[in-house]
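Undergrad: My structure is below; once you've seen it, I'll send some questions.
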Amino acid sequence: MEKLKYERPSIKQLNAGLMNKFGLKTEYNPVTHIDGAPVKQIIADYGSPVFVMSERQIRKNYQNALRAFKTRYPKVQFAWSYKTNYLSAVCNVFHQEGSWAEVVSGFEYNKALNNGVPGNKIIFNGPDKREEDIRLAIENDSLIHIDHFDELYFLIEICEKLDRKPRVAIRVNMDTGIYPMWDRFGFNYESGQAWNAINKIMSTDRLELVGLHSHIGTFMLSTSAYAVAAAKLCDLAYHFKLKYNQNIQYLDLGGGFPSTNTLKGSFLPGADTVPSIDEFAEAITTTILNYGFRQDELPLLMLETGRAMVDDAGYLLGTVLATKRLSDGRRATIMDFGVNLMFTSFWYDHKISPAQEFSHHTEDMVVYGPLCMNIDVVRESVSLPLLQRGDNVVVHKVGAYNMTQWMQFISMRPNVVMVDMNDKVHLIRRAEKLEDLQMMEVMPEYLEKHEL
Amino acid sequence: MKLRRNIATSESGFVFNPTNGDSFSTNPVGTEILFLLKEGMSFREIKDALVNRYDAEPSVVEKDIDDFALALKGFNLLEYES
Chain A
58 MEKLKYERPS IKQLNAGLMN KFGLKTEYNP VTHIDGAPVK QIIADYGSPV
108 FVMSERQIRK NYQNALRAFK TRYPKVQFAW SYKTNYLSAV CNVFHQEGSW
158 AEVVSGFEYN KALNNGVPGN KIIFNGPDKR EEDIRLAIEN DSLIHIDHFD
208 ELYFLIEICE KLDRKPRVAI RVNMDTGIYP MWDRFGFNYE SGQAWNAINK
258 IMSTDRLELV GLHSHIGTFM LSTSAYAVAA AKLCDLAYHF KLKYNQNIQY
308 LDLGGGFPST NTLKGSFLPG ADTVPSIDEF AEAITTTILN YGFRQDELPL
358 LMLETGRAMV DDAGYLLGTV LATKRLSDGR RATIMDFGVN LMFTSFWYDH
408 KISPAQEFSH HTEDMVVYGP LCMNIDVVRE SVSLPLLQRG DNVVVHKVGA
458 YNMTQWMQFI SMRPNVVMVD MNDKVHLIRR AEKLEDLQMM EVMPEYLEKH
508 EL
Chain B
20 MKLRRNIATS ESGFVFNPTN GDSFSTNPVG TEILFLLKEG MSFREIKDAL
70 VNRYDAEPSV VEKDIDDFAL ALKGFNLLEY ES
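Just so you know, the protein sequences line up as chains A and B, in that order. The letter at position 71 of the first sequence is residue 128 when you use this note's numbering, and the numbering goes up by one with no holes. The letter at position 82 of the second sequence is residue 101 when you use this note's numbering, and the numbering goes up by one with no holes.
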């Protein structure tokens with residue numbers, strides 16, 4: 058007689074307390090494919106855990122964002138935020154779509170050059186630009202966004218030595234009615250600091266002020282804050298024109314648009330609370346269009362959207378290492394991925410789906426990672442099917458920041474693959490090996506030997 | 020270990036403890052274990068029965084039954100044993 062399919066026994070207490078009228082669907086429907094590529098086959102070929110990027114989703118997100126802005130405003134340029142995900146294959150999908158590069162370090166700058174981005178299509182942001190980086194950016198005619206007065210004076214000094222006049226912008230911070238106010242980057246609008254920086258730039262003949270930049274925060278849930286930011290940049294550009302009779306060529310509203318991930322502590326899931334890219338586009342473009350610029354003097358609108366472009370294009374496939382019961386009776390599930398690979402699990406409740414069929418019976422559980430470290434918690438409380446050792450799961454929306462902020466702690470970082478437009482799977486970053494790390498270490502001769 | 024005598028179970032997996040009013044639901048394998056416990060079978064006998072009936076390794080079934088017993092104990096559904 059053929060044996061029945063086994064599922065481990067479970068018992069769940071029924072609570073007749075207050076119902077949550079927004080009760081969320083438990084994830085027991087399996088996710089068996091990423092686009093058209095089978096999850097089990099990807100794991101068989103590339104191991105577990107493994108990151109998977111969907112080229113189709115990246116292109117869809119980019120085209121959707123471009124449509125949202127271009128249908129409302131005549132001149133729009135996106136620049137791919139390298140720090141969000143600087144795997145070269147991911148960057149090049151954005152570059153193929155027409156995105157410039159936005160970088161915040163010498164390392165990222167060189168990565169963009171290596172990816173074939175022309176120097177004059179690289180925006181160089183951030184508070185840490187070393188002399189050699191600045192020299193390279195000047196030589197390549199990149200757009201240098203000045204963050205502080207020390208940098209401004211240093212830049213002038215370098216330009217005097219090189220006898221060059223680079224194109225620059227200043228980053229402006231401002232009160233847009235949201236908390237926290239990101240006043241640590243750039244020059245403050247309300248105090249007049251930004252205007253002082255503009256005057257300083259104009260008083261020297263060494264720099265060409267072409268843009269104004271702001272980046273008001275991250276995972277912004279308010280579209281009106283962008284309208285305030287756009288209005289304040291327009292105000293600076295307008296007064297710049299009045300005083301110097303020159304036009305600001307572009308306004309860069311930065312990034313900060315949220316993905317549809319669910320922030321910890323949110324009552325509703327991200328997909329139900331996050332404004333759409335169209336709503337952000339409407340707030341920004343309406344403000345600029347209504348400000349009073351002549352049609353032929355409208356500044357180019359630049360955007361450095363990262364998270365909203367790539368988060369939902371990334372998946373992490375993993376495997377259950379063990380299930381156990383905690384002292385208070387709760388179920389604990391230990392995965393082969395943890396906060397080392399999912400830095401974002403510190404602030405998101407990532408959706409986790411099983412990768413194979415289960416019954417509709419579920420358990421509330423805490424999901425731990427494999428690190429021998431108490432903070433390695435992927436989900437504090439989640440209802441999932443009766444997972445067993447060896448079962449596979451799919452973690453959703455991990456495309457932003459995880460592949461740049463991941464930690465090499467205790468174990469090596471895994472393979473990253475990309476599913477192309479024809480559902481073919483490509484390796485885009487191989488798993489690290491012990492030798493990769495060892496090659497950077499140097500052993501002093503006197504420590505080479507020991508006797509145990 | 021035995022199930023408390025007054026615990027009510029149903030074929031659909033509903034479990035009720037009349038002593039304190041707690042109610043529970045079990046999945047089919049859990050329901051079957053409770054039924055076999057009520058029949059007076061020991062956990063070891065239950066393990067053998069499940070291994071014969073289901074497509075699962077004996078070690079997996081043994082681990083799961085131990086875990087299930089721990090949950091039953093935690094919910095005060097087992098007889099007290101001195």
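The beta carbon of each residue, even a glycine, is placed where N, CA and C say it ideally should be.
1) Please list, in chain order, the chain A residues whose beta carbon lies closer than 8 Å to that of D83(B).
2) Between which two residues does the alpha helix (DSSP H) harbouring F87(B) extend?
3) Using a C-beta to C-beta distance shorter than 9 Å, which residues of chain B count as neighbours of Q70(A)?
4) Could you give the residue range of the beta strand (DSSP E) that holds A379(A)?
5) Evaluate contact between the stretch 362 to 371 of chain A and the stretch 417 to 426 of chain A, counting only Cβ atoms and requiring at least three cross-stretch pairs below 8 Å.
6) Would a check of beta-carbon distances place L130(B) closer than 8 Å to chain A?
7) Please list the partners that R382(A) has in chain B, where partner means a Cβ-to-Cβ separation under 9 Å.
8) Who are A73(A)'s beta bridge partners in DSSP?
9) From the DSSP output, in three-state form, read off M366(A) for me.
10) Return the chain-ordered list of same chain residues with a C-beta closer than 6 Å to the C-beta of E414(A), the five sequence neighbours on each side being excluded.
11) In chain B, which residues lie less than 9 Å from H418(A) when you measure between Cβ atoms?
12) In the DSSP output, which residue or residues are listed as bridge partners for A27(B)?
13) Our contact map puts T233(A) next to I273(A) with C-beta atoms below 8 Å; I'd like the distance itself, whole angstroms only.
14) Taking 8 Å as the CB-CB cut-off, is L443(A) touching chain B?
15) Reducing DSSP to helix, strand and coil, say where M259(A) ends up.
16) Below 8 Å, can you find three or more Cβ-Cβ pairs linking the stretch 493 to 501 of chain A to the stretch 45 to 52 of chain B?
17) Chain A partners of R72(B), CB-CB under 8 Å?
18) Run down chain A in chain order and give the residues with a C-beta less than 7 Å from the C-beta of A75(B).
19) So, Y307(A) versus G268(A), is the Cβ gap smaller than 8 Å?
20) Smallest Cα separation from D207(A): which of I195(A), S199(A), L193(A), E188(A)?
21) If we call anything under 8 Å between Cβ atoms a contact, is A412(A) one with N459(A)?
22) Would you call the CB atoms of F181(A) and Y166(A) closer than 8 Å?
23) Report the neighbours of I26(B) on chain A: residues whose CB is nearer than 9 Å to its CB, in chain order.
24) Using the beta-carbon count (16 or more within 10 Å), is R24(B) buried or exposed?
25) Please look up how many angstroms separate the CB atoms of E84(A) and K408(A), rounded, as I've assumed it's under 8 Å.
26) Since G268(A) is in the beta strand (DSSP E), which residue starts that stretch and which ends it?
27) Using the Cα positions of I213(A) and S162(A), report the straight-line distance between them to the nearest angstrom.
28) Flag this pair as yes or no: are the beta carbons of Y295(A) and Y246(A) separated by less than 8 Å?
29) Could you check whether A146(A) and M475(A) sit closer than 8 Å to each other, using their CB atoms as the reference points?
30) Going by C-alpha distance, which of L144(A), R65(A), T380(A) is nearest V473(A)?
31) By the 10 Å Cβ neighbour count, where 16 or more other Cβ atoms means buried, how is A27(B) classified, buried or exposed?
32) Applying the criterion that 16 or more other CB atoms from any shown protein chain within 10 Å of the CB defines a buried residue, is I432(A) buried or exposed?
33) Could you spell out where the beta strand (DSSP E) holding L22(B) opens and where it closes?
34) So that I know if they touch, is there some Cβ in chain B lying closer than 8 Å to that of G183(A)?
TA: Let me lay it out:
1) Looking up residue 83(B) in the second sequence gives position 64. In chain order: R65, P66.
2) The sequence position of residue 87(B) within the second sequence is 68, counting from 1. F87(B) -> alpha helix (DSSP H) spans 77 to 93.
3) In the first sequence, counting from the first residue as 1, residue 70(A) sits at position 13. What Q70(A) touches in chain B: D41, S42, F43, S44, F94.
4) Position 322 of the first sequence, counting from 1, holds the residue named residue 379(A). Note, A379(A): beta strand (DSSP E), 371 to 382.
5) no
6) Given that chain B is displayed from residue 20 to residue 101, the structure contains no residue 130(B) and the question cannot be resolved.
7) Position 325 of the first sequence, counted from the start, is the residue given in the question as residue 382(A). The answer, in chain order, is D86, L89, A90, G93.
8) Position 16 of the first sequence, counted from the first residue, corresponds to residue 73(A). Paired residues: none, contrary to the question.
9) As a first step, residue 366(A) is located in the first sequence; it is residue number 309 there, counting from the start. Reduced to three states, the DSSP call for M366(A) is helix.
10) Here the question's residue 414(A) lines up with position 357 in the first sequence. Here the set comprises P87.
11) Residue 418(A) sits at position 361 when you count from the first residue of the first sequence. Going along chain B in sequence order, the residues near H418(A) (Cβ under 9 Å) are G32, S44, T45, N46, P47, G49.
12) Taking the second sequence and counting its residues from 1, the one referred to as residue 27(B) is at position 8. Residue pairing by DSSP places A27(B) opposite F35(B) in a beta bridge.
13) Reading the first sequence from its first residue, position 176 is the one you call residue 233(A). Reading the first sequence from its first residue, position 216 is the one you call residue 273(A). Going by Cβ atoms, the distance from T233(A) to I273(A) rounds to 5 Å, so yes, they are a contact pair.
14) Here residue 443(A) corresponds to residue number 386 of the first sequence, with the count starting at 1. Look at L443(A): its C-beta is under 8 Å from a C-beta on chain B.
15) Against the first sequence, residue 259(A) aligns to sequence position 202. If DSSP states are grouped into helix, strand and coil, M259(A) belongs with the helices.
16) no
17) By one-based count along the second sequence, residue 72(B) stands at place 53. What R72(B) touches in chain A: K60, L61.
18) Mapped onto the second sequence, residue 75(B) falls at position 56. Chain A residues near A75(B): Y63.
19) Translated into positions along the first sequence, residue 307(A) becomes position 250. Translated into positions along the first sequence, residue 268(A) becomes position 211. Here Y307(A) is near G268(A), since their CB atoms are less than 8 Å apart.
20) As a position in the first sequence, residue 207(A) is number 150, starting the count at 1. Check the Cα spacing between D207(A) and each of I195(A), S199(A), L193(A), E188(A): the tightest is with E188(A).
21) Taking the first sequence and counting its residues from 1, the one referred to as residue 412(A) is at position 355. Taking the first sequence and counting its residues from 1, the one referred to as residue 459(A) is at position 402. In this structure, N459(A) does not lie closer than 8 Å to A412(A) by Cβ.
22) Position 124 of the first sequence holds residue 181(A). Position 109 of the first sequence holds residue 166(A). Yes, these two residues count as a Cβ contact at 8 Å.
23) Start at 1 with the first residue of the second sequence, and residue 26(B) comes out as number 7. In chain order: nothing, as chain A lies at least about 11 Å away.
24) Numbered from 1 along the second sequence, position 5 holds the residue referred to as residue 24(B). Under this definition R24(B) is an exposed residue.
25) As a working note, residue 84(A) is residue 27 in the first sequence. As a working note, residue 408(A) is residue 351 in the first sequence. Their Cβ separation, rounded to whole angstroms, is 7 Å, which keeps E84(A) and K408(A) in contact under 8 Å.
26) Within the first sequence, numbered from 1, the residue matching residue 268(A) stands at position 211. 265 to 270 is the span of the beta strand (DSSP E), which, as asked, contains G268(A).
27) Counting from one through the first sequence, the residue named residue 213(A) turns up at place 156. Counting from one through the first sequence, the residue named residue 162(A) turns up at place 105. Straight-line Cα distance between these residues: approximately 19 Å.
28) Working through the first sequence from its first residue, we reach residue 295(A) at position 238. Working through the first sequence from its first residue, we reach residue 246(A) at position 189. No, they are not a contact pair.
29) By 1-based counting over the first sequence, the position of residue 475(A) is 418. By 1-based counting over the first sequence, the position of residue 146(A) is 89. For M475(A) and A146(A), yes; Cβs fall inside 8 Å.
30) Against the first sequence, residue 473(A) aligns to sequence position 416. The residue with the shortest Cα to Cα distance from V473(A) is L144(A).
31) In the second sequence, residue 27(B) corresponds to position 8, counting from 1. Result: exposed.
32) Indexing the first sequence from 1 puts residue 432(A) at position 375. That one is exposed.
33) To locate residue 22(B), count along the second sequence from 1; it is residue 3. No beta strand (DSSP E) contains L22(B), which DSSP labels as neither H nor E.
34) Residue numbering aside, residue 183(A) sits at position 126 when the first sequence is read from its first letter. Not one beta carbon of chain B lies nearer than 8 Å to the beta carbon of G183(A).
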